[in-house]
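The structure appears right after this line, and notes come after that.
Residue numbers (the numbering used here): 77 to 593.
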């Protein structure tokens, strides 16, 4: 009895940590869709940018500036520096698409989202692909250099490097080398959170500050007011203004909290948000923005489960539309909050870095991402487990997965398609043990496990399984027990598979809605 009571107390504490509320699914109405900026692309979806006109003019004038000073480097670099959520990418997008930059007489321009994964070969190849608009199949750095040099030779270019985190001078110099073949007057615009990044790139710096009071209200009003709600009564307006003050001039916080308040119509709701302990819960040394955490706090329970799943993925991971539809099935909901995502050119979605940080912060005890949690044992409380192919080569603790009795997601991730040679991975524990001891698996992907030739009969015991991905393996046949997976929605058997035939009882999978062969 003592053990049961201790477990109940633990679950109660976790309920408070995750801000789970009884019955919240039915009471929360869907909010207005947020205007979505395109973090990893140059397209502008937000037609209006508040409080950045002066900075935008500075950058455009810098682009148009002609210089005959021989002491100047052939490539001029300007870094937009500021904390996350200030709108650095949005500002760069507006500059990139402004017709005024045509006066700079550019021959070619390109946009590249770099993120915290800075590999010289990968970044250089991404740059050449951005300039040419074509996939590059170069197998080594020398080939990529040559192609980029040929493309830029004698041409005045404008390159945006968005979300740069690299602080190693030698890696930046390696990327910069082929760019020097561009014509004098070429420009590189960088967005970064770190002044050290700008320093090692030897760039000019434009520090982005928080928005002023009027601009804050304009951003908030644009996202919080419903169509036709042109005026607020004085009491509502006063509460809203005090909430806006708590967003400390961060556009992302203002948009997020604005969308939340769009679903809250009563004065009591607004007052509860205003006096919430969450504003003071996160200390100054914590990078999580309280307004984002507060918005998460008010999500219905099924969307909180979706958010937990997203914590498995690295920053700037591109979610394909199929994955999001699948996710809504997994979490027994019918919608996915688009305010978490930003549409990109490949018909996919990208989560903002700060929301990715929030997901890790909230679900740290339940998620294990091999790339970020190296050196740690897989905790028994782990519910969601993910890894990138290259990481498993130096990880030998897969065995502890079988102790995570409530494990519900096992997911290998290919973070960057087409930018490195695709080798696959090899399982270091018994597949049978995984199936037999982790009965609560809902999402199981063995994609790319090249050593996998047989699926044990114990797979039929995974009664909660919703998705099974066996693509890119060497499986020759499936056991008949696969027909016992009555809840299975998706079965993937495609890519390089040696499968000779399907089980005769596959028709028993009544809920199956997607079969990839």
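Every residue gets a Cβ at the ideal spot worked out from N, C-alpha and C, and that includes glycine. Fair warning: this is a prediction, and the values are worked out from it, not measured in the lab.
Who are the Cβ neighbours of residue i in its own chain at under 7 Å, not counting the five residues just before and after it?
i, result
"residue 354", "366, 369, 370, 373"
"residue 588", "564, 565, 567"
"residue 391", "191, 192, 429, 432"
"residue 291", "126, 127"
"residue 164", "156, 158, 267, 284"
"residue 89", "Low confidence applies to residue 89: its pLDDT is 48, below 50, so where it sits in the model is not reliable, and the reading given next is rough at best. So the list is empty, once near-sequence residues are dropped."
"residue 326", "161, 162, 286, 365"
Taking the beta strand (DSSP E) that residue i belongs to, which residues open and close that run?
i, result
"residue 152", "151-157"
"residue 445", "443-445"
"residue 138", "No beta strand (DSSP E) contains residue 138, which is instead part of the alpha helix (DSSP H) from 129-140."
"residue 463", "460-464"
"residue 263", "262-268"
"residue 545", "543-545"
"residue 187", "184-191"
"residue 519", "519-521"
"residue 298", "Premise fails: residue 298 lies in the alpha helix (DSSP H), 289-300, not in any beta strand (DSSP E)."
"residue 348", "Note, residue 348: premise wrong, no beta strand (DSSP E); alpha helix (DSSP H) at 343-350."
If we call anything under 8 Å between Cβ atoms a contact, is residue i one with residue j?
i, j, result
"residue 457", "residue 441", "yes"
"residue 454", "residue 476", "yes"
"residue 546", "residue 511", "no"
"residue 127", "residue 288", "yes"
"residue 343", "residue 319", "no"
"residue 281", "residue 237", "no"
"residue 507", "residue 488", "no"
"residue 460", "residue 388", "yes"
"residue 261", "residue 142", "yes"
"residue 324", "residue 155", "no"
"residue 569", "residue 592", "yes"
"residue 518", "residue 542", "yes"
"residue 462", "residue 445", "yes"
"residue 136", "residue 176", "yes"
"residue 242", "residue 194", "yes"
"residue 331", "residue 295", "yes"
Pick out whichever of the options has its Cα sitting closest to the Cα of residue i.
i, options, result
"residue 218", "200, 592, 230", "200"
"residue 244", "519, 196, 438, 524", "196"
"residue 231", "258, 212, 180, 294", "258"
"residue 562", "386, 312, 581", "581"
"residue 426", "446, 529, 445, 395", "395"
"residue 535", "555, 549, 246, 140", "555"
"residue 549", "575, 241, 463", "575"
"residue 170", "179, 198, 150, 133", "133"
"residue 270", "249, 239, 286, 293", "239"
"residue 234", "298, 332, 150", "150"
"residue 501", "316, 528, 329", "528"
"residue 530", "557, 137, 229, 585", "557"
"residue 577", "552, 590, 521", "552"
"residue 254", "275, 242, 221, 516", "221"
"residue 347", "579, 295, 329, 312", "312"
"residue 249", "228, 227, 275, 229", "275"
"residue 216", "224, 209, 295", "224"
"residue 229", "385, 204, 295", "204"
The alpha helix (DSSP H) spanning residue i covers which residue range?
i, result
"residue 487", "Premise fails: residue 487 lies in the beta strand (DSSP E), 485-489, not in any alpha helix (DSSP H)."
"residue 248", "245-255"
"residue 321", "310-321"
"residue 567", "Element bounds for residue 567: not the alpha helix (DSSP H) but the beta strand (DSSP E), 566-568."
"residue 556", "From DSSP, residue 556 is part of no alpha helix (DSSP H); its letter is neither H nor E."
"residue 124", "No alpha helix (DSSP H) contains residue 124, which DSSP labels as neither H nor E."
Going along the chain, which residues of its own chain have a beta-carbon closer than 6 Å to the beta-carbon of residue i, five neighbours each way excluded?
i, result
"residue 102", "Its pLDDT being 30, under 50, residue 102 is placed unreliably in this model, and the value from its coordinates should be taken loosely. Answer for residue 102: no residue qualifies."
"residue 153", "264, 277, 279"
"residue 202", "188"
"residue 300", "334, 337, 338"
"residue 138", "154"
"residue 356", "none"
"residue 586", "none"
Spatial neighbours of residue i within its chain, please: CB distance less than 8 Å, with the 5 preceding and 5 following residues excluded, ordered by chain position.
i, result
"residue 256", "150, 151"
"residue 183", "231, 232, 233, 259"
>> As an exercise, report each continuous alpha helix (DSSP H) stretch of at least 4 residues that is fully enclosed by the segment 195-254, in chain order.
In response: 196-208, 217-228
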